[in-house]
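These notes concern the structure reproduced below.
2 protein chains.
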Amino acid sequence: MKQPVLSEWLLTQLSQSRFPARMPNHRRVYEAIRRAITEQVLPSGCRLPSTRSLATDLGMSRNTVLTAFDQLLDEGYVAARTGSGTYVAYNQPDEFSKNPNVIHSLNPEGNIIGLSRRGLIASSTQNNHPSDHSSNHPSNHEVQPFTPGADDYSKFPFELWRRLLNRQWRMLDPALLDSSHDGGYLPLRQSIADYLRVSRAVNLKVDQVLITSGTQQSIDLCARLLTDHNDCVWVENPCYWAARRVLEANGLQLHPVAVDNEGMAPTTQDFRVKPRLIYTTPSHQYPKGMVMSYGRRRLLLDYAQNQGAWIIEDDYDSEFRFEGRPISSLQGMDQDGRVLYLGTFSKVMYPGIRLGYMVIPPQLVAPFKNGLYELQRPGQVMIQAALADFIEEGHFASHIRRMRQTYGERRRLLQAALAPVANAGARLSPVDSGLHLVVEFDSNVDDIRVAEMAAEKGLRVYALSNYCVGAKQEKGLIIGYAYAATEHITHYGNILANVIQESLRKQALA
Amino acid sequence: MKQPVLSEWLLTQLSQSRFPARMPNHRRVYEAIRRAITEQVLPSGCRLPSTRSLATDLGMSRNTVLTAFDQLLDEGYVAARTGSGTYVAYNQPDEFSKNPNVIHSLNPEGNIIGLSRRGLIASSTQNNHPSDHSSNHPSNHEVQPFTPGADDYSKFPFELWRRLLNRQWRMLDPALLDSSHDGGYLPLRQSIADYLRVSRAVNLKVDQVLITSGTQQSIDLCARLLTDHNDCVWVENPCYWAARRVLEANGLQLHPVAVDNEGMAPTTQDFRVKPRLIYTTPSHQYPKGMVMSYGRRRLLLDYAQNQGAWIIEDDYDSEFRFEGRPISSLQGMDQDGRVLYLGTFSKVMYPGIRLGYMVIPPQLVAPFKNGLYELQRPGQVMIQAALADFIEEGHFASHIRRMRQTYGERRRLLQAALAPVANAGARLSPVDSGLHLVVEFDSNVDDIRVAEMAAEKGLRVYALSNYCVGAKQEKGLIIGYAYAATEHITHYGNILANVIQESLRKQALA
Numbered sequence: 224m225k226q227p228v229l230s231e232w233l234l235t236q237l238s239q240s241r242f243p244a245r246m247p248n249h250r251r252v253y254e255a256i257r258r259a260i261t262e263q264v265l266p267s268g269c270r271l272p273s274t275r276s277l278a279t280d281l282g283m284s285r286n287t288v289l290t291a292f293d294q295l296l297d298e299g300y301v302a303a304r305t306g307s308g309t310y311v312a313y314n315q316p317d318e319f320s321k322n323p324n325v326i327h328s329l330n331p332e333g334n335i336i337g338l339s340r341r342g343l344i345a346s347s348t349q350n351n352h353p354s355d356h357s358s359n360h361p362s363n364h365e366v367q368p369f370t371p372g373a374d375d376y377s378k379f380p381f382e383l384w385r386r387l388l389n390r391q392w393r394m395l396d397p398a399l400l401d402s403s404h405d406g407g408y409l410p411l412r413q414s415i416a417d418y419l420r421v422s423r424a425v426n427l428k429v430d431q432v433l434i435t436s437g438t439q440q441s442i443d444l445c446a447r448l449l450t451d452h453n454d455c456v457w458v459e460n461p462c463y464w465a466a467r468r469v470l471e472a473n474g475l476q477l478h479p480v481a482v483d484n485e486g487m488a489p490t491t492q493d494f495r496v497k498p499r500l501i502y503t504t505p506s507h508q509y510p511k512g513m514v515m516s517y518g519r520r521r522l523l524l525d526y527a528q529n530q531g532a533w534i535i536e537d538d539y540d541s542e543f544r545f546e547g548r549p550i551s552s553l554q555g556m557d558q559d560g561r562v563l564y565l566g567t568f569s570k571v572m573y574p575g576i577r578l579g580y581m582v583i584p585p586q587l588v589a590p591f592k593n594g595l596y597e598l599q600r601p602g603q604v605m606i607q608a609a610l611a612d613f614i615e616e617g618h619f620a621s622h623i624r625r626m627r628q629t630y631g632e633r634r635r636l637l638q639a640a641l642a643p644v645a646n647a648g649a650r651l652s653p654v655d656s657g658l659h660l661v662v663e664f665d666s667n668v669d670d671i672r673v674a675e676m677a678a679e680k681g682l683r684v685y686a687l688s689n690y691c692v693g694a695k696q697e698k699g700l701i702i703g704y705a706y707a708a709t710e711h712i713t714h715y716g717n718i719l720a721n722v723i724q725e726s727l728r729k730q731a732l733a
Numbered sequence: 224m225k226q227p228v229l230s231e232w233l234l235t236q237l238s239q240s241r242f243p244a245r246m247p248n249h250r251r252v253y254e255a256i257r258r259a260i261t262e263q264v265l266p267s268g269c270r271l272p273s274t275r276s277l278a279t280d281l282g283m284s285r286n287t288v289l290t291a292f293d294q295l296l297d298e299g300y301v302a303a304r305t306g307s308g309t310y311v312a313y314n315q316p317d318e319f320s321k322n323p324n325v326i327h328s329l330n331p332e333g334n335i336i337g338l339s340r341r342g343l344i345a346s347s348t349q350n351n352h353p354s355d356h357s358s359n360h361p362s363n364h365e366v367q368p369f370t371p372g373a374d375d376y377s378k379f380p381f382e383l384w385r386r387l388l389n390r391q392w393r394m395l396d397p398a399l400l401d402s403s404h405d406g407g408y409l410p411l412r413q414s415i416a417d418y419l420r421v422s423r424a425v426n427l428k429v430d431q432v433l434i435t436s437g438t439q440q441s442i443d444l445c446a447r448l449l450t451d452h453n454d455c456v457w458v459e460n461p462c463y464w465a466a467r468r469v470l471e472a473n474g475l476q477l478h479p480v481a482v483d484n485e486g487m488a489p490t491t492q493d494f495r496v497k498p499r500l501i502y503t504t505p506s507h508q509y510p511k512g513m514v515m516s517y518g519r520r521r522l523l524l525d526y527a528q529n530q531g532a533w534i535i536e537d538d539y540d541s542e543f544r545f546e547g548r549p550i551s552s553l554q555g556m557d558q559d560g561r562v563l564y565l566g567t568f569s570k571v572m573y574p575g576i577r578l579g580y581m582v583i584p585p586q587l588v589a590p591f592k593n594g595l596y597e598l599q600r601p602g603q604v605m606i607q608a609a610l611a612d613f614i615e616e617g618h619f620a621s622h623i624r625r626m627r628q629t630y631g632e633r634r635r636l637l638q639a640a641l642a643p644v645a646n647a648g649a650r651l652s653p654v655d656s657g658l659h660l661v662v663e664f665d666s667n668v669d670d671i672r673v674a675e676m677a678a679e680k681g682l683r684v685y686a687l688s689n690y691c692v693g694a695k696q697e698k699g700l701i702i703g704y705a706y707a708a709t710e711h712i713t714h715y716g717n718i719l720a721n722v723i724q725e726s727l728r729k730q731a732l733a
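Protein chains in written order, with this note's numbering: chain A, 224 to 733; chain B, 224 to 733.
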């Protein structure tokens with residue numbers, strides 16, 4: 224590497240690397256050069272530029288560069304030869320120099336050889352993910368207005384949260400530093416029990432509450448403890464794709480059950496395919512949004528009790544209901560201990576908190592506590608303690624109230640902006656809760672194409688057909704409004720309404 | 224419930240409940256009474272004692288109790304009738320009053336009906352766990368001197384750690400609040416890469432490092448992405464029981480391979496049982512402690528490459544090596560990209576941090592990043608950022624140095640105290656690293672009985688036979704010294720040495 228090139232490379236490194244905020248410049252220069260040496264960008268024996276010229280190139284004081292060089296000298300990464308400058312002296316052990324050949328062998332289906340069948344399903348970005356049309360794009364995880372599942376956590380009271388966390392760390396209860404053996408931090412489980420009793424009519428004693436690191440882990444634990452390989456699981460169709468992936472990764476056979484306006488609607492034929500597990504979203508069907516009727520709830524509960532099947536009730540966003548009375552949970556109607564109720568804090572707090580909870584039937588408490596510990600080794604009890612304070616001191620309830628207002632307003636604005644799509648034959652579904660809207664199309668519409676056209680305008684929405692299990696019969700768009708700023712939602716909503724109308728008209732003409 | 228009894232009950236609740244430290248007394252009283260009402264300890268219509276008599280019974284000011292009552296009145300849990308006191312007014316919705324019958328039905332094997340076969344294995348406290356002899360005891364998770372796997376984190380610089388965490392929360396980079404899509408926080412992955420290159424001769428680029436929530440999750444991810452149901456996995460015999468449990472929970476067939484003093488020692492017969500995965504602890508065999516020889520390493524690597532098998536190298540405690548040169552990793556010798564290297568921070572930092580890492584072959588990076596996100600939804604990036612600072616600022620290295628000294632001293636003291644067991648025919652294994660010692664017995668000794676006798680003296684040690692897969696051929700004790708305080712280790716070590724000698728002599732006479 225020539226010397227001007229090294230300066231260029233270092234400048235890029237220094238601007239790109241995410242060094243800790245308070246790291247002094249000399250340390251950054253040291254780190255960047257050290258990495259260049261260990262990663263053999265600068266091979267052994269190569270001469271470094273003079274400190275003076277490097278300082279000029281980097282726009283730093285010569286002292287800064289000298290300090291970095293001194294440290295490199297001290298640690299033996301470089302050596303100084305009198306009169307001829309500084310050289311890379313780092314001798315990597317023999318094993319280091321042999322770089323494994325990067326193997327890019329693909330099998331005929333284009334998959335990397337070596338993954339298992341279930342591994343291919345679990346690790347694919349191509350299968351089942353509703354953003355299929357953009358999954359090869361590097362910005363797959365970049366959030367844009369209307370991305371379903373992206374929540375707005377900018378309004379979360381982080382300063383208060385920081386103080387609660389910091390207080391726990393000051394008190395330093397040693398019990399909070401260990402991994403969690405007993406289903407989670409007891410006061411948090413008590414707070415959750417109180418909250419669920421009052422807000423969701425869940426019928427429980429505190430011992431039935433287990434803290435997990437989120438809904439994904441909760442579903443996984445249910446699948447692992449309650450089912451065996453090749454068992455059948457009923458899922459709603461369309462269905463929450465992430466749940467589907469975990470169930471499939473556990474070797475389960477998915478049996479899709481269609482939904483109608485009363486929720487999951489099993490037919491006589493469905494009843495013949497006996498499930499070990501039933502995965503359902505009764506308060507707010509995901510993604511279509513309807514509430515399961517009382518009759519359907521009784522039907523499911525009775526069937527589960529008859530068959531000895533278990534029901535997973537995923538109550539993923541019931542905090543955000545904008546009209547009408549809160550709906551009771553399915554769990555609250557269950558008299559036979561067949562329902563496992565799941566909830567999450569990631570939507571109300573912030574996604575990275577990774578805390579969720581399960582309410583399990585009394586007879587499963589002991590094995591679930593053990594299974595949770597053995598399979599997932601939960602910890603982060605400090606954060607559980609701060610969350611217990613956050614709830615007990617009333618901040619959780621007031622944050623939900625605030626966000627319910629914010630999200631409710633965004634929903635009204637988006638509904639208004641999307642109203643014109645009715646002119647092109649699309650139907651805005653009458654959902655009164657949750658964090659997304661559904662626009663439904665006729666079954667001959669290519670909804671993936673509509674989503675692609677929205678993506679071209681910088682709007683990420685998901686095609687409803689990608690949520691279907693088996694035949695892609697339902698067509699439409701899933702449109703999240705939680706992340707879009709209130710002041711921009713009408714603007715983007717109008718653009719989206721135009722895209723939908725234009726795309727539907729083009730498809731009708733074609 | 225009569226009134227004196229209510230005071231008793233409240234006093235018990237107030238002393239047992241783990242309320243947040245700064246919660247005022249009136250709030251505690253309010254919470255305890257509210258729970259008594261919602262959990263129907265106090266049924267609807269029941270009369271509460273007067274505030275004056277309750278205040279006397281609880282040893283609190285009357286004002287405190289009045290404030291609690293006022294809040295209960297405000298929220299409608301109780302109602303005041305003029306002249307006749309305060310009554311429970313809370314009417315639970317209909318669903319609440321029906322309590323699910325607690326089902327304690329057991330099948331003929333004594334298992335709760337409803338768990339799956341794999342669920343029974345994963346959630347059992349009876350199978351495979353080395354502390355079998357005490358697993359029914361409520362103190363199963365209580366740490367005592369010599370408990371293997373329990374580390375001493377009292378010397379961890381928590382005040383410094385709190386400040387690093389608090390600093391990250393003050394800076395509040397929004398990227399650290401989301402779940403982690405891309406294998407973990409990049410600067411932490413860089414720090415780990417630097418550390419592993421230098422300390423463990425691991426051959427890697429930073430992109431190969433993924434952050435997980437611990438070794439249990441790392442093994443789980445490997446099993447899910449690289450194996451299918453009923454595939455064969457080689458494990459060492461004896462073997463780390465927690466790894467074994469995760470592998471079994473994934474439906475894998477365990478094939479035990481005996482270890483000798485060069486580590487895992489596959490025979491011609493073993494080679495016929497072709498594995499998809501090989502799980503090994505080459506730097507420090509768990510639990511016996513030997514280092515895998517160079518020849519054995521080459522053999523395993525060549526066999527894996529020939530068979531297209533994957534090797535999991537679990538380098539669980541290589542930070543704590545007390546004599547001789549550090550041993551290179553198996554991964555550093557791998558030229559074909561067949562080794563997945565696992566490490567953890569839970570032993571060096573504190574168990575509840577739940578952070579571990581994997582180094583995976585380059586060709587697996589993309590599917591593993593996706594699989595990690597889809598199956599485990601990692602988050603807690605704030606803690607990853609604080610840990611990156613902790614390492615970059617040199618605290619990690621100096622903490623390891625300190626703990627290495629501490630643990631090394633404990634090990635020497637324990638070895639000295641246990642030396643007399645040789646008189647009874649036991650052998651102290653010559654291990655020079657790790658956090659436990661192994662005392663080996665002749666194969667006719669009942670090592671579970673020896674462990675039970677130690678438990679009677681308040682010392683938890685594990686029987687070696689419980690680590691065996693299949694026939695329990697190896698006998699001995701696993702004795703952790705990480706948790707025992709240096710000043711007590713000789714005292715407890717002498718007691719243990721006496722127990723061992725006494726037990727072996729008794730068994731020889733019987």
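Ideal Cβ placement from N, Cα and C applies to all residues, glycine included.
- Counting every other CB atom within 10 Å of its CB across the protein chains shown gives residue 463/B a total of 16 or more, marking it as buried.
- The Cβ of residue 536/B sits no closer than 8 angstroms to any Cβ of chain A.
- Taking 8 angstroms as the CB threshold, residue 707/A stays off the interface with chain B.
- In the DSSP assignment, residue 445/B falls within the alpha helix (DSSP H) that extends over 438-449.
- At a cut-off of 8 angstroms between beta-carbon atoms, residue 401/B makes contact with chain A.
- Here residue 684/B is near residue 701/B, since their CB atoms are less than 8 angstroms apart.
- No Cβ of chain B is located within less than 8 angstroms of the beta carbon of residue 251/A.
- The three-state secondary structure of residue 460/B, taken from DSSP, is strand.
- Ranked by Cα distance from residue 731/A, the first of 297/A, 708/A and 673/A is 673/A.
- Positions of the beta strand (DSSP E) runs, each at least 3 residues long and wholly inside the stretch 642-715 of chain B, are given as 659-664 and 698-703 in order along the chain.
- Restricting attention to 687/B, 678/B and 679/B, the CA atom closest to the CA of residue 667/B is found in 687/B.
- Excluding its 5 nearest sequence neighbours in each direction, residue 591/A has C-beta neighbours in its own chain below 8 angstroms: 406, 433, 444, 448, 581 and 583, listed in chain order.
- Closer than 8 angstroms to the CB of residue 450/A there is at least one CB belonging to chain B.
- Under DSSP, the beta-bridge partners assigned to residue 581/B are 433/B and 565/B.
- In this structure the stretch 424-441 of chain B lies against the stretch 597-609 of chain A, because at least three pairs of beta carbons, one per stretch, are closer than 8 angstroms.
- Counting only the Cα atoms, residue 496/B lies some 50 angstroms from residue 397/B.
- A direct Cα-to-Cα measurement between residue 663/A and residue 482/A gives close to 14 angstroms.
- Annotation: the continuous beta strand (DSSP E) that includes residue 536/B extends over 533-537.
- Excluding the 5 residues flanking it on each side, residue 268/A has same chain C-beta neighbours closer than 7 angstroms at 310 and 311, in chain order.
- CA-to-CA, the gap between residue 641/A and residue 605/B works out to about 38 angstroms.
- Residue contact with chain B for residue 389/A: present (Cβ-Cβ distance below 8 angstroms to some residue of chain B).
- Interface criterion met: the Cβ of residue 337/B is under 8 angstroms from a Cβ in chain A.
- At least 8 angstroms separates the beta-carbon of residue 429/B from that of residue 457/B.
- Residue 706/B sits away from residue 446/B, with the two beta carbons spaced by 8 angstroms or more.
- Taking a cut-off of 8 angstroms for Cβ pairs, the stretch 608-625 of chain A and the stretch 408-415 of chain A touch, as three or more such pairs fall below it.
- At a cut-off of 8 angstroms between C-beta atoms, residue 593/B counts as an interface residue with respect to chain A.
- Apart from the 5 residues on each side of it in sequence, residue 511/A sits with its Cβ closer than 7 angstroms to the Cβ of 461, 482, 652 and 661 in its chain, given in chain order.
- In summary, residue 670/A is buried, with 16 or more beta-carbon neighbours lying within 10 Å of its beta-carbon over all protein chains present.
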